[in-house]
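Here the protein sequences come in this chain order: A and B.
Using this note's numbering, the first residue of the first sequence is number 1, and each one after it goes up by one.
Using this note's numbering, the first residue of the second sequence is number 1001, and each one after it goes up by one.
Think of the CB as a built atom: it goes at the ideal place given N, C-alpha and C, for glycine as much as any other residue.
Nothing here was measured: the structure is a model prediction, and the numbers come from that model.
Reviewing the structure listed below.
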Amino acid sequence: MDRKNLLLFVVGGLVVTLGLAFFVSPLASGSPDGLERVAIDQGFADTAEEHAVGDGPLADYGVKGVEEEGLSTGLAGVIGVAVTFGVGMILFGLLRTLRARREGSASGP
Amino acid sequence: MHIPDGFINASTSLAAGVVSAGGVGVALKKASDTMEEKQAPLAGLVAAFVFAAQMLNFPVALGTSGHLLGGVLATVLVGPWAGVICIALVLFVQALFFADGGLSALGLNVLNMALIGGLGGYVVFLAIRGLLPKTRPMVVAASAIAAGVSVVLASIAFFVEYAIGGVGDVSLGAMFAAMVGVHALIGIGEAVITALTVSAVLGVRPDLVYGARDLLQPLEIRPSEPAARV
């Protein structure tokens, strides 16, 4: 029962998260963020270097080749959510397995 | 809040990288020690949610925006150690695939947003909770205040790092005022989003909020009472 509810909660949470990433992120403010604003105003923005993956397929939250800006941003958001969730599940699942194994060997013969 | 390459010199970035690697290492160990079965999918969800929420820049002042950092949100929902890992994971994905936050600055960004914003913010959360009545609305209030404070703490951390190893020539006093001023405004947004999210989870599954687990009623076995006595 509890496990089923948890699954429901995680699936529901993912639907909300994907909705935010796809539908809301294209509406986000494009203005410089707090640090960028301070860097511009205080005159140190120009020391920023080009990002190593600045030409990458997902650079700056856009999917390369998708011309429509809102769609490009939304798709990049969905990919980012999927990658983060996937890596997170693997990573946290691994931590849990390690713990189970440690406890198993501790209580073993 | 994501520091790009070129703002802070290599030795300071490297030192922050060593501190961050150590901090995340401790978090991995501690999270592994305490991870419960139901926490793993929840932690994955929290990381994904923070990724999405960090894309949602909201306007804070003329020509400036801010977005959720998520440190307090993550640590209150899944605990301090798993929460730190969530934020570090988001920063890693952003720097590696989305060109957000420099690769050489990853250690600085993890230090500011995961360790100081997340772990530091969680300490603030615990301190505020200690002063407030033990109720769910007070958990939401404490998470909101701690979230706002955590953004300012992260901005002060950037200031200190820039004072130590900043590449540009700036007036530190003016920079400090500007950094803290704008991030106090962003902190209000952080507080609102954190409060809304924590109260939403508390409403649906209060048992999944790590920062409120002391409020859960332990299950007790009582003999069923005859209806006549009611």
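With a CB to CB cut of under 8 Å and the five nearest residues on each side skipped, what residues in its chain are close to residue i?
i, result
"leucine 1103 (chain B)", "Asp1005, Ala1095 and Leu1096"
"leucine 1068 (chain B)", "Val1050, Ala1053, Gln1054, Leu1056, Gly1189, Glu1190, Ile1193 and Thr1194"
"valine 1093 (chain B)", "Phe1051"
"alanine 59 (chain A)", "His51 and Val53"
"alanine 139 (chain A)", "The structure shown does not extend to residue 139 (chain A), since chain A is modelled only from 1 through 109, so no value can be given for it."
"valine 954 (chain B)", "It is not possible to answer for residue 954 (chain B), since the shown part of chain B is limited to 1001 through 1230."
With a CB to CB cut of under 7 Å and the five nearest residues on each side skipped, what residues in its chain are close to residue i?
i, result
"serine 1143 (chain B)", "Val1072, Val1076, Phe1125, Thr1194, Ala1195, Val1198 and Gly1211"
"alanine 1074 (chain B)", "Val1046, Val1050, Gly1083, Cys1086, Ile1087 and Gly1118"
"methionine 1 (chain A)", "Residue placement at methionine 1 (chain A) is poorly supported in this model, since its pLDDT is 47, which falls under 50; the coordinates still yield a value, given next. None."
"proline 1223 (chain B)", "none"
"isoleucine 1275 (chain B)", "Since the displayed chain B opens at 1001 and closes at 1230, residue 1275 (chain B) lies outside it and no answer follows."
"leucine 7 (chain A)", "none"
"glycine 1148 (chain B)", "Gly1187, Ile1188, Glu1190 and Ala1191"
Among the options, whose alpha-carbon lies nearest the alpha-carbon of residue i?
i, options, result
"arginine 102 (chain A)", "B:Ile1003, B:Asp1033, B:Val1140 and B:Val1046", "B:Asp1033"
"valine 24 (chain A)", "A:Gly74, A:Arg99 and A:Arg3", "A:Gly74"
"valine 1084 (chain B)", "B:Val1140, B:Asp1100, B:Ile1116 and B:Gly1063", "B:Ile1116"
"glycine 1107 (chain B)", "B:Gly1118, B:Leu1091, B:Ala1099 and B:Gly1121", "B:Leu1091"
"glycine 1118 (chain B)", "B:Gly1181, B:Ala1088, B:Met1175 and B:Gly1168", "B:Ala1088"
"phenylalanine 1098 (chain B)", "A:Thr17, A:Leu94 and A:Val81", "A:Val81"
"glutamate 1037 (chain B)", "A:Val83, A:Thr84 and A:Arg3", "A:Arg3"
"leucine 98 (chain A)", "B:Ala1114, B:Arg1213, B:Lys1029 and B:Leu1062", "B:Lys1029"
"glutamate 69 (chain A)", "A:Leu27, A:Gly56, A:Val83 and A:Asp41", "A:Leu27"
"aspartate 1175 (chain B)", "A:Val10, A:Leu7, A:Gly43 and A:Glu67", "Checking the displayed sequence, the identity of residue 1175 (chain B) turns out to be methionine instead of aspartate. The option with the nearest alpha carbon to methionine 1175 (chain B) is A:Gly43."
"glycine 1023 (chain B)", "B:Trp1081, B:Leu1172 and B:Pro1218", "B:Trp1081"
"glycine 1070 (chain B)", "B:Asp1100, B:Gly1101, B:Ala1114 and B:Ala1127", "B:Ala1114"
"asparagine 5 (chain A)", "B:Leu1208, B:Ser1020 and B:Gly1173", "B:Leu1208"
"leucine 1185 (chain B)", "B:Leu1062, B:Leu1215 and B:Arg1136", "B:Leu1062"
"glycine 1101 (chain B)", "B:Ala1027, B:Gly1025 and B:Met1001", "B:Met1001"
"valine 1204 (chain B)", "B:Leu1132, B:Ala1177 and B:Arg1136", "B:Arg1136"
Rounded to the nearest angstrom, how far is the Cβ of residue i from that of residue j, given a contact under 8 Å?
i, j, result
"phenylalanine 1159 (chain B)", "methionine 1138 (chain B)", "With a Cβ gap of about 31 Å, phenylalanine 1159 (chain B) and methionine 1138 (chain B) do not count as contacting."
"serine 1155 (chain B)", "serine 29 (chain A)", "With 8 Å as the limit, serine 1155 (chain B) and serine 29 (chain A) do not qualify as a contact, their Cβ atoms being about 18 Å apart."
"glycine 86 (chain A)", "cysteine 1086 (chain B)", "Going by Cβ atoms, the distance from glycine 86 (chain A) to cysteine 1086 (chain B) rounds to 14 Å, so no, they are not a contact pair."
"threonine 13 (chain A)", "leucine 1045 (chain B)", "This sequence places glycine at residue 13 (chain A); threonine is not what is there. Between leucine 1045 (chain B) and glycine 13 (chain A) the Cβ distance is about 5 Å, and since that is below 8 Å, they are a contact."
"valine 1140 (chain B)", "glycine 1187 (chain B)", "The pair is not a contact, with the Cβ atoms about 16 Å apart (cut-off 8 Å)."
"serine 31 (chain A)", "proline 1059 (chain B)", "6 Å"
"lysine 1134 (chain B)", "leucine 1216 (chain B)", "About 11 Å; that fails the 8 Å criterion."
Can the beta-carbon of residue i be found closer than 7 Å to that of residue j?
i, j, result
"threonine 1012 (chain B)", "isoleucine 1164 (chain B)", "yes"
"phenylalanine 92 (chain A)", "alanine 1043 (chain B)", "yes"
"asparagine 1109 (chain B)", "alanine 1157 (chain B)", "no"
"histidine 1183 (chain B)", "glycine 104 (chain A)", "no"
"leucine 95 (chain A)", "alanine 1016 (chain B)", "no"
"asparagine 1009 (chain B)", "valine 1170 (chain B)", "no"
"serine 1150 (chain B)", "glycine 1130 (chain B)", "no"
"alanine 48 (chain A)", "glycine 62 (chain A)", "no"
"valine 78 (chain A)", "leucine 20 (chain A)", "no"
"proline 1041 (chain B)", "valine 10 (chain A)", "yes"
Enumerate in chain order the residues of its own chain whose CB-to-CB distance from residue i is below 6 Å, with the five nearest sequence positions on each side excluded.
i, result
"glycine 1079 (chain B)", "Tyr1210"
"glycine 108 (chain A)", "Note that glycine 108 (chain A) has pLDDT 45, beneath the 50 cutoff, so the model's placement of it is unreliable and no number is given."
"isoleucine 1003 (chain B)", "Ala1105, Leu1108 and Asn1109"
"proline 57 (chain A)", "Lys64"
"serine 72 (chain A)", "Gly62, Val63 and Val66"
"leucine 1172 (chain B)", "Ala1163"
"valine 1123 (chain B)", "none"
Checklist line | Whole runs of the alpha helix (DSSP H) within the segment 1132-1192 of chain B, excluding any shorter than 4 residues | finding: 1136-1165
Margin query: Extract the residue ranges of the alpha helix (DSSP H) inside the segment 1042-1094 of chain B, only unbroken runs of 4 or more that lie entirely within it.
Written below: 1071-1078
Margin query: Ignoring anything shorter than 4 residues, give me the alpha helix (DSSP H) runs that lie fully in the segment 48-77 of chain A, in order along the chain.
Written below: none
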